[in-house]
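Protein chains: 2
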Amino acid sequence: MYEKKIPKDLGCGMSITLEIIGGKWKPCLIDSISKGIRRPSELHKSHPDASKRVLNLHLKELTEHGVVTKIIYPVLPSKVEYFLTDFGATLLPLILHMEKWGSDHMAVFNEFQQKKLSLRNEEYSL
Amino acid sequence: MYEKKIPKDLGCGMSITLEIIGGKWKPCLIDSISKGIRRPSELHKSHPDASKRVLNLHLKELTEHGVVTKIIYPVLPSKVEYFLTDFGATLLPLILHMEKWGSDHMAVFNEFQQKKLSLRNEEYSL
DNA sequence: CGGTATCCAAGCGGATACTG
DNA sequence: CAGTATCCGCTTGGATACCG
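Here the protein sequences line up with chains A and B, keeping their order.
Counting in this note's numbering, the first sequence tops out at residue 130, every number present.
Counting in this note's numbering, the second sequence tops out at residue 130, every number present.
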């Protein structure tokens, strides 16, 4: 298991926020769980590009941070469900805000990137 | 110089957002520049824990992403100023939202972390 | 089905010294 | 003052195989 060797500076609010939703798949996981996708296998299907291992790592962190609750049913085959806590629910508006900003500005952003690309090509042709 | 070898999946809005403000110091830089701290040396003073190199890397990316504009005055000693673009300004509400969430929930979060810590200590003493 | 171990590649950032 | 080169370490996440 990994062990962090550099202490995080938890001074400002931003660092806390990023500590909690900073993982690559954490916002997606929170969003999915809030929409009723609770079981690990379902979550895995929803995000095929994320390996089981990473999803588990992120879910573990989310659990440790109090964002979600993990319920283990003692049955065979195994059954596990994740639920958003009240604390985790307070993240939803923020996540939606971030997603909305990205969607709203995706066009402008991609256009700008293309401009830069063509500019670079011009530079290369000098 | 670094060269990314894995293409980013820019499918959802979230990935765009994180692409732009995902750097360790980017939100701080955007915030500082919006508050009138424009020169590299000033920005460096404002964030002493970030090295010149990393600040430059992030500023370069922010420039390439169209978030800030870089103005180079052809004088000696060198003078450079960064300005927030209109596009970059649209990020401010989001950044404030993230900072506010972090500040608002810092207490709850730290309390929760301490509980986990003490629980772990109990486990260790078994 | 759910979780973990192991190995490994890439990302990301810090430290320092150096150039204009 | 502004920027870059080099080196190096920690972190993050992907691939696979395996256990309960």
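Positions of the beta carbon are idealized from the N, C-alpha and C atoms, including for glycine.
- Query: Any beta-carbon of chain B closer than 9 Å to the one on His48/A?
  - Reply: By this cut-off, His48/A is not an interface position.
- Item | CA nearest to the CA of Leu96/A, picked from Phe91/B, Trp105/B, Leu96/B and Thr89/B | Trp105/B
- Query: His101/B CB to nearest chain A CB: under 9 Å?
  - Reply: yes
- Per DSSP, what kind of secondary structure is Ile20/A in: helix, strand or coil? helix
- Query: Quick one: what does DSSP say Lys104/B is sitting in, helix, strand or coil?
  - Reply: helix
- Between Thr94/A, Tyr77/A, Glu23/A and Leu98/A, which lies nearest to His62/A when the distance is taken from Cα to Cα? Glu23/A
- Task: Closer than 7 Å by C-beta to Cys32/A: which residues in its own chain qualify, once you throw out the five before and the five after it? Chain order, please.
- Result: His51
- Task: Return the residue from the list Gly70/A, Phe87/A and His69/A that minimises the CA-CA distance to Ile76/A.
- Result: Phe87/A
- Item | Own chain partners of Thr73/A with C-beta closer than 6 Å, once the 5 adjacent residues on each side are dropped | Phe87 and Thr89
- So which of Ser82/B, Ala111/B and Leu59/B has the shortest CA-CA distance to Cys16/A? Taking Cys16/A as reference, the option from Ser82/B, Ala111/B and Leu59/B with the minimal CA-CA separation is Ala111/B.
- Query: Below 9 Å between beta carbons: does that hold for Gly92/B and Ile34/B?
  - Reply: yes
- Where does the unbroken beta strand (DSSP E) through Thr94/B begin, and where does it stop? Run containing Thr94/B: none; DSSP gives neither H nor E here.
- Task: Can you give me the start and stop residues for the alpha helix (DSSP H) that Lys64/B sits inside?
- Result: Lys64/B: member of the alpha helix (DSSP H) spanning Lys56 to Glu68, first to last residue.
- Query: Which residue comes first and which comes last in the beta strand (DSSP E) that contains Ile41/A?
  - Reply: From DSSP, Ile41/A is part of no beta strand (DSSP E); its letter is neither H nor E.
- Exposed unless 16 or more other CB atoms sit within 10 angstroms - verdict on Lys39/A: exposed
- Query: With 9 Å set as the bound, which would you pick, yes or no: does the beta-carbon of Ser36/A sit closer than that to a beta-carbon of chain B?
  - Reply: no
- Which residue comes first and which comes last in the beta strand (DSSP E) that contains Leu88/B? Here the beta strand (DSSP E) through Leu88/B covers Lys83 to Leu88.
- Message: Tell me the DSSP secondary structure of Val79/A in three-state form.
- Response: In the three-state reduction of the DSSP assignment, Val79/A falls in the coil class, being assigned neither a helical nor a strand state.
- With DSSP as the reference, please indicate the residues paired to Val72/B in a beta bridge. Leu88/B.
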